[in-house]
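*Asks:* Listed in order, the protein sequences are those of chains A, B and C. 48 is the number of the first residue of the first sequence in our numbering; add one for each residue after it. 217 is the number of the first residue of the second sequence in our numbering; add one for each residue after it. 4 is the number of the first residue of the third sequence in our numbering; add one for each residue after it. All residues carry an ideal CB built from backbone N, CA and C; glycine is no exception. Fair warning: this is a prediction, and the values are worked out from it, not measured in the lab.
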Amino acid sequence: MTLRLRDVSKRFQTRAGEVKVLDGVSLEVPQGRMTVVVGPSGSGKTTLLRCVAGLEELDGGSVEVAGRDVTSLDPGERDVAMVFQDYALYPHLSVRANIAFGLRARKVARDQIDAKVEQAASMVGLDAQLDRSPDRLSGGERQRVALARALVRRPAAFLLDEPLSNLDAELRTQTRSQIRSLQRSLDTTTIYVTHDQVEAMTMGDSVAVLRAGRVEQVGPPMELYERPSTAFVAGFLGSPPMNLFPSRLLGRDGDQLCGVRPERVDLVATDDARLHGEIAAVEPIGGEVIVHVRVGDCTLLVRRDLRGVGHLDGTVGLGFGDDDLHRFSASSGQRLP
Amino acid sequence: MKKTGLLALPFVVGLAALVGLPAVAALGLAFTEFSGVEGPRFTGSANVSRLVADTAFWRSLGNTLIYIVLAVPLRMVAALGAALLLNRRSRTASAGRPLAYLPTVVPDVAYALLWLWLLNPLYGPLAAIFGTADLLVDPWGARVSLALLSVFQIGEAFVVALAVRRSIPPHLYEAAAVDGAGPWFALSRLTLPLMTPVLGLLTLRDVILSLQVNFVPAFLLTDGGPRYATTYLPLYVYRTAFRYFRLGYASTIALTMFIITAVIVLVQYRLARRWRLTP
Amino acid sequence: MRAARCLAALALVGAAACSGTGASPTEGPLRLQVAGEPEETKVYGAIVEAFRRSPDGFEIDLVEVPEKDEHLAKLTTSFAGGDAPEIFLINYREYAQFVVRGAIEPYEGFLETNGVELDAYFPQPLEAFTFDGRLQCMPQNISSLVVYFNEKLFRQAGLDPPQPGWTWEDLRQTARTLTKGEVDGLGIEPSIIRLAPFVWSNGGEIVDDPDTPSRFTLDDPAAREALEYIVSLVRDDKVVPSEQEITAQDLETRFVTGKLGMFLSSRRDTPVLREVLGLEWDVAALPVAEEPAGILHSDAYCLAAGGDAERTAQAARFIAFATGRQGQTIAALGGRTVPSLREVARSGAFLDPTQSPAHPEVFLQGIPAIRRTPVIATWPEIEDLAEEILTRAFYEEGYTIDDAIAALEAETQPLFEEAAER
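Below, the structure is given as structure tokens:
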């Protein structure tokens, strides 16, 4: 039950004129896999999801769910389920009726509905809250109602729109793994939209980075991390993201951007160093520190284990291997071999 | 808290002076014989006995109830229907919204006179188009006519219904659409239940209003006829007071109307609470 | 008592002033309240103006109210609010309720000081406005019911104008001849005041006692016959506009637009008909059964009781002027009234040959046979009930004359009793 987007484009009319929100997006999510669509705000992630759900009409391209072209079908006919960012629970209905809504709309027999609803509720741990009203639930519980409402129908695909953004940090981590394991056990093809690159890296079988309505790169999270195909991807993923600096800092010619991940940079004696700089700031983050080093007119970040670092002051040398150095075209941003 | 109380003061004073005091006076008058010309004379429960035996009163009460039963559901369906149809963000809908409100802005007298022409049995356009020559001549025709013409003056209920419809988050409809709900299912399981509390209040308000608003059309269009079919309580009170100068007795009827209104409000409030319709 | 009254006034008119000593204010110009269409009321403006210009005249505010019902409602509320107009014009069928409630200052007390000679007036209106043995208000007119007819329609139908002493059967035949297509022969309202002269002409009575009535007597054979006659014009001859037609357009409008050959009314329609270009019309006497009979239509100027004595005296002076020769002449020229002052009624002001109707003397010739309805406080309500019942007798299928007579007696009984208690 593969989900396939081919050359999807979508334009919006605004006061300022026409805006291309999606510009030829192609994406394939294989059966049972989860693809996380990530990108900065305004990159078109949510629009992409709404296009798949059928809530927006396409201006071009096609959407295929489980081998069926659904481009011109109504949302209800596409066999997909969506979890909205604000959950969109029906406030006048109990948890049970919320979960059952889609089954009712599809005229599923009543006794089947009860069984399915209870099963779905127990999968998300809501058995005890079934007869409550949504406004009596906590944020996490409401989020689970939204999940149960999606999975009760056993759709061909899940579409999750920033489902964790309204939860506090602790709950977010917990729910993240819960969603992932639910998705795996149900073996349901899923698109998961987020602006949070940590979620992207931890949850997806693959990650698609969206930038201004175009897919910048798709692939397994580690591939994107290790071999970002553009400077944008390199600068978007990772925490903190990759250091990008002009190649002339290394004394090389050419119009290139060099990149190196902060955790791959060593603080070394100035003799062995490939770059020299002044320490501008030191940020301890738990067991690690992030050291801001000024090199010329750039600031590079270094992420180190706190224990390996002594007193930091004055001029330092920065060292890294050739394998850790990424090079991109300064004009196109494309990765150079 | 203190400040808000102060802000309400002008209104409260006005209410007390212009509504409260006359109401109390009318309450007192209900137990007198009073022509307006000479002073009131206390007659105890004589007016009440008269009321019980007064067939014209019971007939007017019956007419009023018939009016409520005919007009309120029609008006509510019309207000709701207009709100749902004109809720969309389209050119037609934005042109339609003021149109739906427009008849409400027309002064009652002008509106009644307009209908007097529309419903003219021989020379009116409705008679010409539908052959409804008997509308104002037949008792039930007149009752239905007055109920029907009130259906177009639903501006306030329409605006409230529209506002409530607009307050429903669009996400809910998107969720329902993805859930596979068709328009009818969304209307009956989503829109209507979410609007029900306010629709309940609107209905309550309309019932109370319907005890009163029919005065102008009944006065100008049908003069309470034919065969007293449209002599509603307000018109009966008016005639009793200002045509036959029984102001004391008219106060008794008005007081009865007040009690009926209170009972209706109470019953509806109870029902609303039982159905958990009050917000 | 006084506080209660003020409270009541408050209830009625919102916030009327509870100051002053009487029903009327003590300062400002005197007011005269009249009812009627603009054509009818403009003559009072002329009288008020003439009074102002007269040697010892002064300003009077004319308060015009378009409809009779509103006129009465306004009077009641203004009495209750202590703001009654000092002078008001009212029909004899409606003034009794004001008299029994002490709202009228009898005009009798002001006759002498103003030099009013009652002998100069027709006796019938004076009698109608006499209550408890005293003249209450000063009548300004004496109209009777006549047949207005459309001369053109008569000519087209080959009919001669109705002659004095014509019979019920003549009326029936004339109406039948006129009834053709959109035109109906005769307009007659289903009311007691239209029915009464027919009953009287047939030798019957409408009530058991004209002064202290206790019941309708339409079950009496002569009265019943008159009712049967009129109902048969509607139901059998179908010469009277249907209920539909009347709802669509009233009798006056139907007459003016040539859809009605004849209709029964008092003098009051004359000023309106005069304004209609191209309408050829005249008046004729009512048809006669046993003996000629007419019904009195008369309005009088009344003084509000309880006002400041000096102002009331001033108001009485205006009334003397309005019902005196000059006032009556202006009124007669206005066309609305048949003057109650005999001299003016017989003068050129009323019998003006250049104005329609061509035979104004018809109004005067009917005067000797003129009678009135009872003067009792509940009469307006009795008339309303009767109109509803007679409407059914005219138009409702299956509603018989016996039903009507029985309903009339039963429904009006409490009102006769109430009037008798006073």
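1. Please report the residue range of the alpha helix (DSSP H) in which A:Tyr239 lies.
2. B:Gly396 versus chain A: which residues are under 7 angstroms apart at the beta carbon?
3. State the DSSP-derived secondary structure class of A:Asp369, mapped to helix, strand or coil.
4. Which complete alpha helix (DSSP H) runs does the segment 173–232 of chain C hold, if anything under 4 residues is left out?
5. Classify A:Asp158 as helix, strand or coil using the three-state DSSP reduction.
6. Report the residues of the segment 399–411 of chain B with a CB closer than 9 angstroms to any CB of chain A, ordered along the chain.
7. Specify, as a first and last residue, the run of the beta strand (DSSP E) that B:His387 falls within.
8. In whole angstroms, give me the CA-to-CA distance for C:Ala422 and C:Thr381.
9. Along the chain, where does the beta strand (DSSP E) that runs through A:Gly306 open and close?
10. Check whether chain A comes within 8 angstroms of B:Ala379, counting only Cβ atoms and requiring the distance to be less than that.
11. Any idea if C:Thr24 is buried or exposed, counting beta-carbon neighbours within 10 angstroms, 16 or more meaning buried?
12. Which runs of the alpha helix (DSSP H) at least 4 residues long sit entirely within the segment 259–324 of chain A? Give them in chain order.
13. If you reduce the DSSP assignment to three classes, tell me which class B:Ala434 lands in.
14. Starting from the N-terminal side, write out each stretch of the beta strand (DSSP E) that is 3 residues or longer and does not extend beyond the segment 297–340 of chain B.
15. Quick one: list the residues of chain B neighbouring A:Tyr239, beta-carbon separation under 8 angstroms, in chain order.
16. Return no unless some Cβ of chain B is closer than 8 angstroms to the Cβ of C:Asp72.
17. Along the segment 310–344 of chain B, where does the CB come closer than 7 angstroms to a CB of chain C? Name the residues.
18. Specify, as a first and last residue, the run of the alpha helix (DSSP H) that A:Thr94 falls within.
19. Look at C:Phe219 and C:Leu411 and say whether their C-beta atoms are less than 8 angstroms apart.
20. Who are the neighbours of B:Ala393 on chain A, taking C-beta pairs under 8 angstroms?
21. Any Cβ of chain B within less than 8 angstroms of the Cβ of C:Phe266?
22. Taking buried to mean at least 16 other C-beta atoms within 10 Å of its own C-beta, is C:Ser81 buried or exposed?
23. Does the segment 100–110 of chain C come into contact with the segment 298–307 of chain C, if we say contact requires no fewer than three beta-carbon pairs (one atom in each stretch) closer than 8 angstroms?
24. Please list the terminal residues of the continuous beta strand (DSSP E) segment that includes C:Ile90.
25. Report all residues from its chain with a CB closer than 7 angstroms to the CB of C:Pro32; omit the five preceding and five following residues, and keep chain order.
26. Just list the residues that DSSP pairs A:Asp352 with in beta bridges.
27. If you count every other CB in all the chains shown that lies within 10 Å of the CB of A:Met269, and 16 or more means buried, which is it?
28. Tell me, to the nearest whole angstrom, how far the beta carbon of C:Phe419 is from that of C:Ser217; I am working on the premise that it is less than 8 angstroms.
29. Does the beta carbon of A:Asp300 sit closer than 8 angstroms to a beta carbon anywhere in chain B?
30. Take C:Ala226 and list the residues in its own chain whose beta-carbon comes closer than 8 angstroms to its own, dropping the five residues that flank it on each side.
31. Note the first and the last residue of the continuous beta strand (DSSP E) segment covering C:Ser2.
32. May I have the straight-line CA-CA distance separating B:Ser310 from C:Leu263, to the nearest angstrom?
33. Assuming A:Thr118 contacts A:Pro77 under a Cβ cut-off of 8 angstroms, what Cβ separation, rounded to an integer in Å, is found between them?
34. Residues in the same chain with beta-carbon distance under 8 angstroms from B:Met217, minus the five sequence neighbours each way, listed in chain order, please.
35. Note down, in chain order, each residue of its chain lying with its Cβ closer than 8 angstroms to the Cβ of C:Leu138, except the 5 sequence neighbours on either side.
36. Helix, strand or coil for C:Gln100, going by three-state DSSP, please let me know.
*Replies:* Well, looking at it:
1. Locating residue 239 of chain A in the first sequence gives position 192, counting from the first residue. Per DSSP, A:Tyr239 is not a residue of any alpha helix (DSSP H); the beta strand (DSSP E) it occupies stretches across Thr236 to Thr241.
2. Here residue 396 of chain B refers to the residue found at position 180 of the second sequence. Going along chain A in sequence order, the residues near B:Gly396 (Cβ under 7 angstroms) are Gly123, Gly149, Ala152 and Arg153.
3. The residue labelled residue 369 of chain A in the question sits at position 322 within the first sequence. Residue state, collapsed to three classes: helix.
4. 195–204
5. Your numbering for residue 158 of chain A matches position 111 in the first sequence. Residue state, collapsed to three classes: helix.
6. Phe401, Ala402, Arg405, Leu406, Pro409 and Leu410
7. Counting from 1 along the second sequence, the entry for residue 387 of chain B is found at position 171. That residue, B:His387, is in no beta strand (DSSP E); its alpha helix (DSSP H) goes Pro386 to Val394.
8. Position 419 of the third sequence, counted from the first residue, corresponds to residue 422 of chain C. Position 378 of the third sequence, counted from the first residue, corresponds to residue 381 of chain C. One C-alpha to the other measures close to 6 angstroms.
9. Looking up residue 306 of chain A in the first sequence gives position 259. Unbroken beta strand (DSSP E) run through A:Gly306: Gln303 to Val307.
10. Numbered from 1 along the second sequence, position 163 holds the residue referred to as residue 379 of chain B. False, the Cβ-Cβ gap to chain A never drops below 8 angstroms.
11. Sequence index remark: in the third sequence, residue 24 of chain C carries index 21 (1-based). Note that C:Thr24 scores a pLDDT of 38, beneath 50, so its modelled location is shaky; the value from the coordinates is reported in the next line. Residue burial annotation: C:Thr24 is exposed, with fewer than 16 other C-beta atoms found within 10 angstroms of its C-beta.
12. Every alpha helix (DSSP H) stretch that sits fully inside the segment 259–324 of chain A and reaches 4 residues is listed by chain position as 268–273 and 278–283.
13. For the purposes of this step, residue 434 of chain B is taken as residue 218 along the second sequence, with counting starting at 1. DSSP places B:Ala434 in helix when its eight states are reduced to three.
14. none
15. Here the question's residue 239 of chain A lines up with position 192 in the first sequence. Neighbours of A:Tyr239 on chain B: none; closest Cβ ~16 angstroms, over 8 angstroms.
16. Translated into the one-based positions of the third sequence, residue 72 of chain C becomes position 69. So, interface residue.
17. Asn336, Pro337, Leu338 and Tyr339
18. Counted from its first residue, the first sequence places residue 94 of chain A at position 47. Start and end: Lys92 to Ala100.
19. Looking up residue 219 of chain C in the third sequence gives position 216. Looking up residue 411 of chain C in the third sequence gives position 408. Cβ distance < 8 angstroms, so C:Phe219 and C:Leu411 count as in contact.
20. One-based indexing of the second sequence puts residue 393 of chain B at position 177. In chain order, Gly101, Leu102, Asp121, Pro122 and Gly123 make up the part of chain A whose C-beta sits under 8 angstroms from the C-beta of B:Ala393.
21. Position 263 of the third sequence, counting from 1, holds the residue named residue 266 of chain C. False, the Cβ-Cβ gap to chain B never drops below 8 angstroms.
22. Here residue 81 of chain C is taken as the residue at index 78 of the third sequence, counted from 1. Buried.
23. yes
24. Locating residue 90 of chain C in the third sequence gives position 87, counting from the first residue. Here the beta strand (DSSP E) through C:Ile90 covers Ile90 to Asn94.
25. Within the third sequence, the letter at position 29 stands for residue 32 of chain C. The answer, listed in chain order, is Glu62, Ile63 and Asp64.
26. For the purposes of this step, residue 352 of chain A is taken as residue 305 along the first sequence, with counting starting at 1. Per DSSP, A:Glu335.
27. As a position in the first sequence, residue 269 of chain A is number 222, starting the count at 1. Classification for A:Met269: exposed.
28. Stepping through the third sequence from its first residue, residue 419 of chain C is reached at position 416. Stepping through the third sequence from its first residue, residue 217 of chain C is reached at position 214. Indeed they touch by this definition, with Cβ atoms about 5 angstroms apart.
29. Residue mapping note: residue 300 of chain A aligns to position 253 of the first sequence, counting from 1. A:Asp300 does not count as touching chain B.
30. Indexing the third sequence from 1 puts residue 226 of chain C at position 223. These residues qualify, in order along the chain: Val202, Asn205, Gly207, Glu208, Ile209 and Thr220.
31. Since the first and last residues shown for chain C are 4 and 425, residue 2 of chain C lies out of range.
32. Residue mapping note: residue 310 of chain B aligns to position 94 of the second sequence, counting from 1. Residue mapping note: residue 263 of chain C aligns to position 260 of the third sequence, counting from 1. So the two alpha carbons sit approximately 50 angstroms from each other.
33. Within the first sequence, numbered from 1, the residue matching residue 118 of chain A stands at position 71. Within the first sequence, numbered from 1, the residue matching residue 77 of chain A stands at position 30. The pair is not a contact, with the Cβ atoms about 20 angstroms apart (cut-off 8 angstroms).
34. Within the second sequence, numbered from 1, the residue matching residue 217 of chain B stands at position 1. Here B:Met217 scores only 49 on pLDDT, less than 50, and its place in the model should not be relied on; the value that follows carries that caveat. So no residue of the chain qualifies.
35. Counting from one through the third sequence, the residue named residue 138 of chain C turns up at place 135. Excluding residues within five positions, the ones whose Cβ falls inside 8 angstroms are Pro109, Tyr110, Glu111, Leu114, Leu121, Leu129 and Phe132.
36. The residue given as residue 100 of chain C occupies position 97 in the third sequence. In the structure shown, C:Gln100 sits in a helix (DSSP, three-state: H, G or I).
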